[in-house]
Every structure is written in structure tokens, then in C-alpha cells.
Amino acid sequence: MNSINALYELGIPIKRSSKDISNINNYGHKLLEFCKNLDLYIVNGRISNDQLVGAVTTSKNTLIDYAIVSPMLFKCFSYFNIENFDPILSDIHCPVVIHFDTSVILEHVESVDTLSHDDNSNVVYKSKWKNNNANVFLENLNDENIHDLVEKLENLDVNNINVETVNNVILNCNSIIKNAADKADMIVEFKPKNSRPGVRSKKCKPYFNQDCYLKRKAYRKCKNLHWRLQRAETKENLIASSREYKRTLNKQFREYQKSVIDKLKNLRKSDSKAYWSLLNKCDTKGNKAVNKIAMDVLYDHFKNP
């Protein structure tokens with residue numbers, strides 16, 4: 107689909123609004139040329155609260171902070187706005203607030219990944235340079251493919267380059283390097299830490315339940331909001347959410363302790379093995395060292411009954 111038609115269908119104006127009335131400098135012209143060549147668009151002044159506004163992004167009444175995306179990503183924006191300047195957050199920059207809707211499924215996403223994944227496992231294949239195999243790598247670089255790639259680059263019309271052209275060039279280049287690396291034994295299997303056997307993932311405390319999670323989430327939200335705004339109202343909300351979070355943690359911890367004590371009382375006489383197993387799990391210090399007693403001390407202790 108033509109990018110202009112995509113903007114029309116989404117109701118996004120082709121002409122971008124801007125309150126920056128200063129002259130475009132050399133960097134600005136380069137940025138515009140970059141966007142045209144790669145079929146990218148500046149979000150500022152086109153959508154949400156900034157549509158038909160184009161608010162400045164600095165205290166100097168200039169617009170120098172941009173969000174730049176491909177046409178297909180416009181549908182993922184649920185909110186875009188330039189907030190008022192706050193000297194606490196920055197020396198001259200205004201906050202740029204962006205909300206993404208991650209539930210939106212893109213119609214077409216091109217991949218230029220050079221490393222492959224095994225769909226049936228957690229194995230990831232990564233490249234690893236080996237100096238001993240450098241000559242093998244160089245010998246397996248396909249001269250014919252390199253010549254074809256160079257020829258394509260030389261014949262490119264720099265005034266008529268799009269995203270697909272760039273991606274194809276990158277894929278061809280990566281393919282040449284990857285094939286040589288594979289023959290030189292430089293592509294190795296790698297398992298992420300969370301999928302390696304014997305590596306334990308970090309777990310929450312046994313008393314940290316859904317109530318604790320929700321209170322922590324609310325506390326972090328208030329904390330981030332206060333960090334951005336630094337207002338008396340946000341500070342009060344932060345203190346209140348912090349107290350509520352701690353109160354919930356203490357409550358759940360007390361209930362957990364009580365339940366463990368009740369279990370220990372019931373198991374002490376009915377199931378000694380389960381009793382000691384539960385007691386060892388409750389050892390938060392994790393101290394499993396055994397204090398060794400010398401044989402002569404034991405002898406002196408037991409020689410006189």
C-alpha cells in the first residue's frame with residue numbers, strides 16, 4: 107500500500123503542523139531527506155493532542171524532539187502529546203508523552219534478523235568470532251555474491267530508495283557473512299539464562315500474593331508520576347500508596363507466619379519428616395553448615411553417664 111494512502115485511511119494529515127517558525131538549518135534538511143528516502147514520517151503535529159498543533163519541544167520555542175515512524179506504526183499510537191516545560195525534568199526540553207497500543211497487530215512486518223531461533227526449543231543461534239578460524243571464514247566469503255551485491259549498490263538510484271530496497275541489501279550482506287561464519291564454525295548455540303538447567307529464576311517471597319502485587323504496582327505508578335511532576339498532590343498519593351503497600355506486606359507476612367506455625371504444630375507429632383522439611387525451608391538465612399565437634403570433646407562428654 108502506498109504510504110500516502112495509508113495516512114489518508116488513518117485520517118492523518120499529510121501536511122504536518124508546527125509552531126516552530128525558525129528557519130530550517132542544515133541538520134533539518136538532512137533529517138527531511140532521510141525521512142523521504144526511507145519512507146518515514148514525523149509524528150509531531152499529526153496525531154492525538156498534537157494534531158494540527160505541532161507544539162514546540164523546548165523552552166526556546168523550537169521543535170527539535172521528534173517521534174519518527176513508518177506509516178504502519180501510526181495505528182499503534184493511542185496518545186501523543188507535548189507537555190508543558192518543567193525545569194525539574196530538563197534544562198530546556200519539554201516532556202514528550204507517547205502511549206502505544208500493543209494489542210494492535212501490524213499487517214506486515216519485515217524481519218532483518220541475522221540470527222535464527224529454534225521454534226521447538228529455547229535455543230538461540232549467535233555469532234562468535236574465532237581467531238583460529240579467521241582464514242576459513244575469509245576463504246568461504248562468496249566472491250560472486252559479493253560482486254553481485256556491489257553491482258546492485260552501484261546501480262542504485264539514490265533519489266529513489268525505499269525501505270524494501272534497504273532491507274534487501276542488508277539481507278544479502280548478512281547472508282554472505284552468515285554463510286561464511288557457519289562454515290567457519292562461528293555460529294554457536296546459546297541458551298538464555300532463564301532456560302538453562304540448574305539456573306533458578308528469581309522468585310517472590312512465599313507470602314507475596316496477588317494483593318501484594320497490585321499494591322506494589324499502584325505504588326510504582328505513583329512513584330513514577332511523582333518523579334515526573336513533582337507536585338504536592340502526587341507526593342501525598344505516593345506516601346499513601348507506600349503506606350498501603352507496606353501495610354499489605356506486613357499483613358500477608360503475619361498470616362503466612364501463622365499458617366506455618368500451625369502446620370509445624372500439626373506435623374510435629376504426626377509426621378516428623380515433613381516437620382523437619384518444612385522447618386528447613388523456613389530457614390531464611392540458608393545456613394546449612396554443620397558445626398564439627400572434636401572427638402575428644404565427645405569422648406569427655408559421654409564417658410561419664
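Mapped onto this note's numbering, the consecutive letters of the sequence shown carry residue numbers 107 to 411.
For each residue, glycine too, the CB sits at the ideal point set by N, CA and C.
Predicted model, so just to flag it, every value in this text is computed and none were measured.
Proximity winner among the options, relative to residue i (alpha-carbon distances)
i, options, result
"ASP156", "ASN330, GLN358, ASP368, LYS125", "LYS125"
"VAL203", "ASN372, ILE367, ARG334", "ARG334"
"ILE130", "THR168, VAL275, ILE345, SER383", "THR168"
"LEU373", "TYR381, GLU260, ILE367", "TYR381"
"LYS317", "MET401, GLU350, LEU277", "Residue 317 is actually Asp in this sequence, not Lys. Among MET401, GLU350, LEU277, the Cα nearest to that of ASP317 belongs to GLU350."
"TYR313", "CYS328, ASN265, TYR362", "TYR362"
"ASN386", "LEU370, LEU259, ILE399, LYS375", "LEU370"
"LEU195", "LEU355, LYS121, ASP254, GLN336", "GLN336"
"TYR114", "GLU139, ILE170, LYS181, TYR133", "LYS181"
Per-residue burial, residue i [other beta carbons within 10 Å of its own, 16 or more giving buried]
i, result
"LYS321", "buried"
"CYS388", "exposed"
"VAL403", "exposed"
"THR208", "exposed"
"VAL218", "With a pLDDT of 42 at VAL218, under the threshold of 50, the predicted position of this residue should be treated as unreliable, and no value is reported."
"ARG152", "buried"
"ALA287", "buried"
"SER383", "exposed"
Three-state secondary structure assigned by DSSP to residue i
i, result
"ILE188", "strand"
"ALA176", "It should be noted that the sequence gives Ser, not Ala, for residue 176. Coil, per DSSP."
"PHE243", "helix"
"ILE194", "coil"
"ILE170", "coil"
"THR164", "strand"
"SER376", "helix"
"LYS86", "No statement about residue 86 is possible, as the shown extent of the chain runs from 107 to 411 and does not include it."
"ILE204", "strand"
Distance cut-off 8 angstroms: residue i Cβ against heavy atoms of the ligand GTP
i, result
"ALA173", "As for the ligand GTP, it is missing from this structure, which has no ligand bound."
Pair within 9 angstroms by beta-carbon distance, residue i and residue j
i, j, result
"ALA161", "CYS200", "yes"
"THR164", "ILE198", "yes"
"ASN248", "ASN274", "no"
"LEU158", "SER123", "yes"
"PRO119", "ASP145", "no"
"ASP291", "LYS236", "yes"
"ASN261", "ASN143", "no"
"PHE183", "VAL149", "yes"
In chain order, each beta strand (DSSP E) run of at least 3 residues that lies wholly inside the region 112-159: none
Segments assigned alpha helix (DSSP H), at least 4 residues, entirely inside the region 250-314: 269-289
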